[in-house]
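There are 2 protein chains.
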Amino acid sequence: MSDTNSVKPSSTFDVEKSAFLKAITQQIRAQDIYGVYRSWTDELLLKPYIVSKQKKREIPVDGDVDPMTISRINAFYRAAAACIEKETGLLSQVVVDLNHEGFGWILVFAGHLLLIRKTIRDAHRYGFESLEKVAEEGEKLVAQAVDLTKRFPEVGKL
Amino acid sequence: MSDTNSVKPSSTFDVEKSAFLKAITQQIRAQDIYGVYRSWTDELLLKPYIVSKQKKREIPVDGDVDPMTISRINAFYRAAAACIEKETGLLSQVVVDLNHEGFGWILVFAGHLLLIRKTIRDAHRYGFESLEKVAEEGEKLVAQAVDLTKRFPEVGKL
Numbered sequence: 006m007s008d009t010n011s012v013k014p015s016s017t018f019d020v021e022k023s024a025f026l027k028a029i030t031q032q033i034r035a036q037d038i039y040g041v042y043r044s045w046t047d048e049l050l051l052k053p054y055i056v057s058k059q060k061k062r063e064i065p066v067d068g069d070v071d072p073m074t075i076s077r078i079n080a081f082y083r084a085a086a087a088c089i090e091k092e093t094g095l096l097s098q099v100v101v102d103l104n105h106e107g108f109g110w111i112l113v114f115a116g117h118l119l120l121i122r123k124t125i126r127d128a129h130r131y132g133f134e135s136l137e138k139v140a141e142e143g144e145k146l147v148a149q150a151v152d153l154t155k156r157f158p159e160v161g162k163l
Numbered sequence: 006m007s008d009t010n011s012v013k014p015s016s017t018f019d020v021e022k023s024a025f026l027k028a029i030t031q032q033i034r035a036q037d038i039y040g041v042y043r044s045w046t047d048e049l050l051l052k053p054y055i056v057s058k059q060k061k062r063e064i065p066v067d068g069d070v071d072p073m074t075i076s077r078i079n080a081f082y083r084a085a086a087a088c089i090e091k092e093t094g095l096l097s098q099v100v101v102d103l104n105h106e107g108f109g110w111i112l113v114f115a116g117h118l119l120l121i122r123k124t125i126r127d128a129h130r131y132g133f134e135s136l137e138k139v140a141e142e143g144e145k146l147v148a149q150a151v152d153l154t155k156r157f158p159e160v161g162k163l
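These protein sequence lines map, in sequence, to chains A and B.
All the letters of the first sequence, read from the start, carry residue numbers 6 to 163 under the numbering used here.
All the letters of the second sequence, read from the start, carry residue numbers 6 to 163 under the numbering used here.
This is how it looks when you write it as structure tokens:
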């Protein structure tokens, strides 16, 4: 246990500073039914979100997308949905629809309002340069979604 | 060829009377790259959409959903999207996301507006009592979607 904890993530970004990063860790821990991650720090949990450009090039895009990568994508967008709910009270659904080539749609919606609509390519290589970038991207998506719910409150409640 | 044509569908509903049924056949023919269905009548093409209650009970819901069933579901909702486009000019996307238990989401959207949002259960047993019911259900969904685009034109164009 102490060995696992002593592994230092390469990024020194403080997870506590970002409500979005904290929300991702909550998503991961909620899925952790066997308690594997119980002793892990938040930083360690989030480390696989960091994939350098060099490392991305090394990940082959043929074959199925790694199930761990898919669950990372899911946790990211569920965290966004949770943050949106906190700010707006709207419960939203997350649909991640990837084909075998790692191409597909990521949709987050409440009522008849699409809060997040993204296409994804090369899902095999999903990852960010740093934790700051993860937080930045997540917070941007949440802010845009919250803005949409304010502009079209009716549609989100349909 | 004439043998295939002589198979009479059980329903006597006239496909030409329904723009929605016609749209489904166009979707199926558009996917028919080997020309297998070239000599088939529209009625024959649509016949697999008719699944009696008796027959539904006989289809097991364990195991993967039959790929032919999935493409029927896709053709149905792509036909809806095509009909919506004809009436509103809005290009929409269709996402059918089923898990291995035949449970999932069917979403049709334009811009940030969800035109159709449906959950599906027991997709293995997807089907209708008659062609009238197929047309009825499709036309209802299209009408509701067109109504949404009129109420929230801005959201559909975002």
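Note that CB positions come from ideal geometry on N, CA and C, so glycine has one too.
Residue pairing of A:Q98 in beta bridges, as defined by DSSP: A:F114.
Chain-order list of chain A residues neighbouring B:V160: H117, L118, L119, L153, R156, F157, V160, by C-beta distance under 9 Å.
With fewer than 16 other Cβ atoms inside 10 Å of its own Cβ, B:V41 counts as exposed. Taking a Cβ-Cβ threshold of 8 Å, the residues of chain A close to B:V100 are V100, D102, W110, L112, in chain order.
Annotated three-state conformation of B:F81 is helix, per DSSP. Taking 8 Å as the threshold, the shortest C-beta distance from A:R122 to chain B falls below it. Inter-residue distance for A:E159 and A:R62 is about 44 Å (C-alpha atoms, whole angstroms).
Taking B:A35 as reference, the option from B:R77, B:P65, B:K60, B:I55 with the minimal CA-CA separation is B:R77. Cβ-Cβ separation between B:G107 and B:A128: approximately 4 Å, consistent with a contact (criterion under 8 Å). Taking a C-beta distance under 8 Å as the contact criterion, A:I125 and A:A85 do not qualify as a contact pair. Between B:V101 and B:N79 the beta-carbon gap is near 6 Å, inside 8 Å, which marks them as a contact. Secondary structure note for A:T30: its alpha helix (DSSP H) is the uninterrupted segment 24-35. For B:G132 against B:I55, the beta-carbon gap comes to about 6 Å, under 8 Å, which counts as contact. Around the beta carbon of A:Q32, a 10 Å sphere encloses 16 or more other beta carbons of the protein chains shown; the residue is thus reported as buried.
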